[in-house]
Amino acid sequence: MSFNWSLIESSWGALLSGLWLTFLLSIMAGVLSLLIGLILAVVRLKTRGVLGNLLTGYVELMRNTPLLVTLYLVYFGLPMLGFLIPTFACMVIVLVMQHSVFVSEIMRGGFLAVPRSQLEAAQALGMRPFAIFRIVRFPQAFSASVPALISALIILVHDTSLGAAISLVDLTMTAKVIAQRSASSFEPFIAIAVCYSILSWLLSRLGVRFERRAAIAR
1 MSFNWSLIES SWGALLSGLW LTFLLSIMAG VLSLLIGLIL AVVRLKTRGV LGNLLTGYVE
61 LMRNTPLLVT LYLVYFGLPM LGFLIPTFAC MVIVLVMQHS VFVSEIMRGG FLAVPRSQLE
121 AAQALGMRPF AIFRIVRFPQ AFSASVPALI SALIILVHDT SLGAAISLVD LTMTAKVIAQ
181 RSASSFEPFI AIAVCYSILS WLLSRLGVRF ERRAAIAR
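In the UniProt record's numbering, the protein residues as written are 1 to 218.
Here you go:
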């Protein structure tokens, strides 16, 4: 068995197009997941009672539901309710729904890890609650959470491949189409495996760099 390089060369344009869509999907879903996850973590720390229980229930539901199941529910369910949205937007929504929950749990753990003595000392100095959060609590929580956040973002990049299940022409769907047209699955899927690995490696290097800068700042 020999590797058919000519198949990759002839399909390079389509693969790059799929890679670009995967990259855009990862960036949009990643940024929104970080922002919404941070807000969710803060709200859960400050909220008790009925709202707190509802948020906890939502978090547990998303954590324990396979992403593909959520994707099908949103993709097929929204049109039944009269909401027609593009496939790309549907995938962004589902990724954010699920991964913002993971981010919120990571950040919540980071916030709880900040020593209470530091918060009490900041209060004793007369700092306002928002200043304590911005200057004392958030920087430490975020720095401690970086490794786990990077891992979560890498998983998000991998999960974008599920877009092929709803015919989103991302990297995985592109490889599937090439395989069907050429009757050869090995080469296109090896090619996209390399692409996903490169994206994951870049994210991991970004995380290492941020950790080093945070360590210097401390």
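Don't be surprised by glycine CBs; every beta carbon is placed ideally from N, CA and C.
Small disclaimer: the values here were computed from a predicted structure and weren't measured.
For the alpha helix (DSSP H) containing residue i, list its first residue and its last residue.
i      : result
Met107 : 87-113
Arg116 : 116-124
Phe133 : Looking at the DSSP string, Phe133 is not in any alpha helix (DSSP H), and its letter there is neither H nor E.
Ser26  : 12-46
Leu67  : 67-80
Gly57  : 49-63
Val177 : 171-182
Measure the CB-CB distance between residue i and residue j and report whether it falls below 7 angstroms.
i           : j      : result
Val114      : Ala141 : yes
Ala29       : Val101 : no
residue 219 : Leu171 : This structure cannot speak to residue 219, because the chain is shown only from 1 to 218.
Ala152      : Met107 : no
Val136      : Gly207 : no
Ser200      : Ile154 : yes
Leu7        : Ser182 : yes
residue 221 : Leu203 : Residue numbering for the chain in the displayed model covers 1 to 218; residue 221 lies beyond these limits and cannot be assessed.
Leu55       : Arg44  : yes
Val96       : Leu32  : yes
Ala191      : Leu15  : yes
In angstroms, rounded to a whole number, what distance separates the CA positions of residue i and residue j?
i      : j      : result
Thr87  : Val157 : 17 angstroms
Leu78  : Val94  : 12 angstroms
Gln123 : Phe189 : 56 angstroms
Phe133 : Ile178 : 51 angstroms
Arg205 : Ser143 : 15 angstroms
Ala89  : Ala131 : 36 angstroms
Val50  : Arg128 : 27 angstroms
Gly57  : Ile39  : 16 angstroms
Thr22  : Met173 : 10 angstroms
Gly52  : Ser11  : 51 angstroms
Select from the options the residue whose C-alpha is nearest the C-alpha of residue i.
i      : options                      : result
Leu67  : Ser6, Ser184, Thr160, Val208 : Thr160
Ser104 : Gly37, Thr47, Ser182         : Gly37
Tyr196 : Ser11, Trp20, Ser6, Leu7     : Trp20
Leu34  : His99, Val194, Leu45         : His99
Phe138 : Leu119, Gly126, Leu125       : Leu119
Asn4   : Tyr58, Ser184, Met97, Leu24  : Ser184
Ala193 : Gln180, Ala175, Gly82        : Ala175
If we define contact as Cβ-Cβ less than 7 angstroms, is residue i a contact residue for chain B?
i      : result
Ala175 : Going by chain labels, chain B is absent from the structure shown, which holds only one protein chain.
Do the stretch 62-76 and the stretch 162-178 meet, that is, are 3 or more Cβ pairs less than 8 angstroms apart?
yes
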